[in-house]
Amino acid sequence: MFSALLSQFRLLDILDIVLVSIAIYYALVWLRSSRAGQLLKGFAVLIGIFIISKLADLYTIEWLIGQLTPMLATLLIVVFQPELRHGLEKLGGNFFAPAAKQTADLNIISQIVKAAEFLAKRKIGALIVIERNIGLGEFMETGIALQAEINADLIVSLFHKKALIHDGALIIRNKKIGAVSCMLPLTENKNLGSLGTRHRAAIGLSEVSDALIIVVSEETGYISIAENGQLTRKLNLQAVQTYLLKVYQGELTALQRNLKKLFGKKPPAK
Numbered sequence: 001m002f003s004a005l006l007s008q009f010r011l012l013d014i015l016d017i018v019l020v021s022i023a024i025y026y027a028l029v030w031l032r033s034s035r036a037g038q039l040l041k042g043f044a045v046l047i048g049i050f051i052i053s054k055l056a057d058l059y060t061i062e063w064l065i066g067q068l069t070p071m072l073a074t075l076l077i078v079v080f081q082p083e084l085r086h087g088l089e090k091l092g093g094n095f096f097a098p099a100a101k102q103t104a105d106l107n108i109i110s111q112i113v114k115a116a117e118f119l120a121k122r123k124i125g126a127l128i129v130i131e132r133n134i135g136l137g138e139f140m141e142t143g144i145a146l147q148a149e150i151n152a153d154l155i156v157s158l159f160h161k162k163a164l165i166h167d168g169a170l171i172i173r174n175k176k177i178g179a180v181s182c183m184l185p186l187t188e189n190k191n192l193g194s195l196g197t198r199h200r201a202a203i204g205l206s207e208v209s210d211a212l213i214i215v216v217s218e219e220t221g222y223i224s225i226a227e228n229g230q231l232t233r234k235l236n237l238q239a240v241q242t243y244l245l246k247v248y249q250g251e252l253t254a255l256q257r258n259l260k261k262l263f264g265k266k267p268p269a270k
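Following full-length UniProt numbering, the numbering of the sequence shown begins with 1 at its first residue and continues without gaps.
Given below as structure tokens:
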């Protein structure tokens, strides 16, 4: 039976599966990082109820859900129109403007490194978080929404000791300063010696997400980076830049790594 199925399998079927997988992957990434992601649990419950009603012949519930589904689909399109537009714009930008994207990324890296240098020299404590694939919405909600362009002077002013919002973390989402004064989870690791709250918060967030967190020590002025539960300390500016290049330009997504294995060559950078 298995050999019979293989004999009917065409190259177009492989292409079909790959394209659908790509579409599902990007849809899930978008859902996880947007407001729409919060509705996934609700829809899962609704689908579960529908399946149970089918199996148990609960005709009234089945009919009710069937009537509500078209209205919910229309409501979703209306409510999440800004997110849908942003997603399409981002998709178009990834395919048709790689040169402009690369220039923008280099400018962002330059601004972050410049801000880290200024803060480190003056021993101004800072916590800069760069969101990647795992959404940080729950932590952004603890702070103040901003949605500002990434600028070194702005970053420095936000962490200045006289600023009312200098405590907490600054979170970068979609290449913008998304929120400031955010609270992060502290690591439960007991073997960190005399590390302060900022470093423990950076490690804590890196344990529960794939974010890259830059820490500037208020006591020493040293720059550290937390990633995947590990803290790398006393970094120079060149090392910080290398980390940021990995985030914005050099790192393959999980999908790209799978495509590389499948086709044997490096896919286009995201």
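All C-beta atoms in this analysis are idealised placements derived from N, C-alpha and C, irrespective of residue type, glycine included. Note that this is a predicted model, so its numbers are computed, not measured.
Terminal residues of the continuous beta strand (DSSP E) containing R173? A169 to R173
Would you mind listing the beta strand (DSSP E) stretches within the segment 177–261 that are 3+ residues and don't spill past its ends, in chain order? 212–216, 223–227 and 230–235
Where does E219 land, buried or exposed, given buried means 16+ other C-beta within 10 angstroms? exposed
Return the Cβ separation of residue 280 and S206 in integer angstroms, given the expectation that the two are a contact with Cβ distance under 8 Å. The requested residue 280 is not part of the displayed model; the chain covers only 1 to 270.
What did DSSP end up calling E149 once you bin it into helix, strand or coil? strand
Alpha-carbon spacing of T242 relative to L170, whole angstroms: 20 Å
Nearest-angstrom Cα distance between I130 and I49? 38 Å
Residues near R122 in its chain [Cβ-Cβ closer than 8 Å; skip 5 each side]: G221
V129 - partner residues in DSSP beta bridges: I171 and I213
Looking only at C-alpha atoms, which of E188, K190, L192 and R173 sits nearest to I213? R173
Suppose you measure from the CA of I109 to the CA of L12; what does that come to, to the nearest Å? 41 Å
DSSP three-state assignment for I165, whether helix, strand or coil: coil
For I108, does the three-state DSSP call read helix, strand or coil? helix
Taking the alpha-carbon positions, what's the F139 to C182 distance? 6 Å
Based on DSSP bridge pairs, tell me the residues matched to I144. V180
Backbone secondary structure at A116 - three-state DSSP: helix
Presumed contact (8 Å Cβ cut-off) between G125 and S217, rounded CB distance: 7 Å
Between the C-alpha atoms of V247 and V45, what's the straight-line distance to the nearest angstrom? 35 Å
Of the residues L186, R132 and N191, which one's Cα is nearest the Cα of R198? L186
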